[in-house]
Amino acid sequence: MMLARAVGSGMDELISSGIPSYAVTLLITCGVGKISDLTKSLKHEIKEHKRIGLELQQYKETLEKNIKERTKDLMRSNEQLKQEMLKNEQANKENLNLQTSLKQAEKMEAVGQLAGGVAHDFNNMLGVILGHTEMGMEQIDTSHPLFADLKEIQKAAIRSADITRQLLAFARKQTVAPKSLDLNQAIERMLKMLQRLIGEGINLVWLPGPGLWPVKIDPSQIDQIMANLCINARDAIAGVGKMTVETGNDTLDEEYCRTHPGFIAGEFVRISVRDNGCGMNEETLAHIFEPFFTTKDLGKGTGLGLATVYGAVKQNKGFINAESEKGQGTTFTIYLPRHVDSAGDAPPGKGAESGVGGHETILLVEDEKTILQMTKTMLQLLGYTVIAAATPREALHLADAFASEIHLLLTDIVMPEMNGRDLAKKLSSLHPQLKCLYMSGYTSDIIAQQGILDKGIQFIQKPFSKNDLATKVRIVLQ
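For what it's worth, our numbering labels the leading residue of the sequence shown as -5, then goes sequentially.
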């Protein structure tokens, strides 16, 4: 009963309250004093429990806050890592594109050098064929049975010479005479010819850009570029279709050039030729500018058209880009540098009557004996006195021993011992009034830069006819 009074409950209530009987027995055994101490201890434990609970709650909240902040940091770091990975991926892609473009440029340069060398050798041989054919035709009547045969030989040689000229265009070794041009005017003059070239089944759309900047290029190269691109589009359409020619001004920035390896930032005039033809796959697209590469049937193309375009564009420090999709058509885009030089083009030189000869003395220097003999014969038939030399050393010896005046030096450019330009300098000390005409299968860097002849240089390209030679010699001598 004392226990019941001490805790404010009866024994029955203690038992009925759910306290186990052994606990009640323990309480009775311990006594009231101890119960009081136990109560205090329990209250302290409860208080301590609450304190620890609060601390745990605060720790939990702090931990959750730290976890959230850390998660945000990790998410930011992850995003930064993704961006860095994308940047690295883009950089690797750009680097791969640059390496691919460099390899392509090196390959095209090597092919160009090979093409130039082949064209040079072919021009020498074609010069002999054309020269002797022409002289043979002059010696027989047109009714002679052999005349028709010689005419066919001449036609075949001329066609072959055209192919070598295309090779030289690809190799950027063709002789050019650039002048300031309005491309809109240049292309407009060609539209009728281009329409005839592509046929009535193809709708030619002309979209000239307003206020077009001038460019500096040989007009004949614009003819080459447009004719070859239009022929390529015509063959891709193969029937009824549409071709669009468009011009405009463009400023290429560094960002554009990063995604187009080989391009240089600056102001350019753009020409695009777009067709809705068969298009090309990536493999074909990678080879289209290589000489003799063609997807046409045998006998339907030389594979030099786009190579000629490539060479002409590069020779004028421009760029060309091709975009195509199989079954969707192709777009060729050319960028030519804006010409800002306000100085007018030099007036054309004084002409000479075609085929006229003379009686002056000419020193002829050529290391290829067959060309030396043929050219000597041509000049003699034109009435000139000819001193022929097979080497520069022989030419110097003959010039030194010749007592009379030598009026003209007609010399090859690349020869053993010394080049034609150095020979001309040495001979000028012996014959101060000596004029010079260079001849070669292509313009060498010795007398030209990017195919543009150095100031004051006179040049005739092999193969040449007797009539061409006669005209050029008179121009120089006058």
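Every residue, glycine too, gets a C-beta built ideally from N, C-alpha and C.
Going by other Cβ atoms of all chains shown within 10 Å of its Cβ, with 16 needed for buried, is residue i buried or exposed?
i: residue 64; result: exposed
i: residue 434; result: buried
i: residue 467; result: buried
i: residue 190; result: exposed
i: residue -5; result: Model confidence at residue -5 stands at a pLDDT of 48, short of 50, so the residue's coordinates are unreliable; what they give is reported in the following sentence. With fewer than 16 other Cβ atoms within 10 Å, it is exposed.
i: residue 259; result: exposed
i: residue 74; result: exposed
i: residue 70; result: exposed
i: residue 114; result: buried
i: residue 368; result: buried
i: residue 2; result: Its pLDDT being 48, under 50, residue 2 is placed unreliably in this model, and the value from its coordinates should be taken loosely. Exposed: under 16 other Cβ atoms inside 10 Å.
i: residue 429; result: buried
i: residue 231; result: buried
i: residue 60; result: exposed
i: residue 219; result: buried
i: residue 140; result: exposed
i: residue 53; result: exposed
i: residue 79; result: exposed
i: residue 82; result: exposed
i: residue 472; result: exposed
i: residue 382; result: buried
So what's residue i in DSSP terms, helix, strand or just coil?
i: residue -3; result: With a pLDDT of only 48 at residue -3, under 50, the local geometry of the prediction cannot be trusted, and the value read off the model is given with reservation. Three-state result, residue -3: helix.
i: residue 139; result: helix
i: residue 286; result: coil
i: residue 239; result: strand
i: residue 433; result: strand
i: residue 470; result: helix
i: residue 315; result: strand
i: residue 302; result: helix
i: residue 473; result: Within the shown structure, residues of the chain are numbered from -5 to 472, placing residue 473 beyond reach of any answer.
i: residue 413; result: coil
i: residue 201; result: strand
i: residue 194; result: coil
i: residue 3; result: Any reading at residue 3 is ruled out, since the residue's pLDDT is 49, under 50, leaving its predicted position unreliable.
i: residue 145; result: helix
i: residue 451; result: coil
i: residue 441; result: coil
i: residue 208; result: coil
i: residue 387; result: helix
i: residue 260; result: strand
i: residue 125; result: helix
i: residue 214; result: helix
i: residue 475; result: Residue numbering for the chain in the displayed model covers -5 to 472; residue 475 lies beyond these limits and cannot be assessed.
i: residue 278; result: helix
i: residue 332; result: coil
Measure from the alpha carbon of residue i to the alpha carbon of each residue in the options, then state which is nearest.
i: residue 263; options: 358, 234, 246; result: 246
i: residue 453; options: 410, 402, 420, 217; result: 402
i: residue 377; options: 355, 255, 398; result: 355
i: residue 314; options: 329, 120, 334; result: 329
i: residue 426; options: 398, 413, 440; result: 398
i: residue 255; options: 141, 200, 88, 40; result: 88
i: residue 213; options: 192, 173, 280, 384; result: 173
i: residue 457; options: 450, 333, 116; result: 116
i: residue 327; options: 244, 429, 353; result: 244
i: residue 175; options: 400, 418, 210, 270; result: 210
i: residue 155; options: 322, 229, 120, 225; result: 120
i: residue 413; options: 424, 385, 396; result: 385
i: residue 192; options: 415, 160, 234; result: 234
i: residue 311; options: 288, 362, 257; result: 257
i: residue 436; options: 57, 39, 112; result: 112
Is residue i close to the ligand GTP? I mean its beta-carbon at under 6 Å from any heavy atom of the ligand.
i: residue 253; result: Annotation note on the ligand GTP: not contained in the displayed structure, which lists no ligands.
What distance in whole Å lies between the Cβ atoms of residue j and residue i, which are believed to be in contact at a cut-off of 8 Å?
i: residue 394; j: residue 360; result: With 8 Å as the limit, residue 394 and residue 360 do not qualify as a contact, their Cβ atoms being about 19 Å apart.
i: residue 284; j: residue 301; result: 7 Å
i: residue 146; j: residue 459; result: Going by Cβ atoms, the distance from residue 146 to residue 459 rounds to 16 Å, so no, they are not a contact pair.
i: residue 421; j: residue 390; result: 7 Å
i: residue 188; j: residue 206; result: With 8 Å as the limit, residue 188 and residue 206 do not qualify as a contact, their Cβ atoms being about 18 Å apart.
i: residue 332; j: residue 388; result: Rounded, the Cβ-Cβ distance is 49 Å, inconsistent with contact.
i: residue 404; j: residue 358; result: 5 Å
i: residue 223; j: residue 200; result: Incorrect: roughly 14 Å between the Cβ atoms, too far for contact.
i: residue 323; j: residue 271; result: 5 Å
i: residue 400; j: residue 118; result: Not really, about 25 Å apart at Cβ, beyond 8 Å.
So, does the CB of residue i fall closer than 7 Å to a CB anywhere in chain B?
i: residue 233; result: Any reference to chain B falls outside this structure, which holds one protein chain only.
At least three beta-carbon pairs within less than 8 Å, the segment 252 to 269 to the segment 225 to 243: yes
Touch test, the segment 270 to 280 against the segment 247 to 259, Cβ-Cβ under 8 Å, three pairs minimum: The segment 270 to 280 vs the segment 247 to 259: no contact.
The segment 306 to 314 contacting the segment 176 to 192, beta-carbon criterion three pairs below 8 Å: no
Three-pair Cβ contact test at 8 Å for the segment 119 to 132 versus the segment 149 to 160: yes
At least 3 beta-carbon pairs within less than 8 Å: the segment 455 to 471 vs the segment 370 to 386: yes
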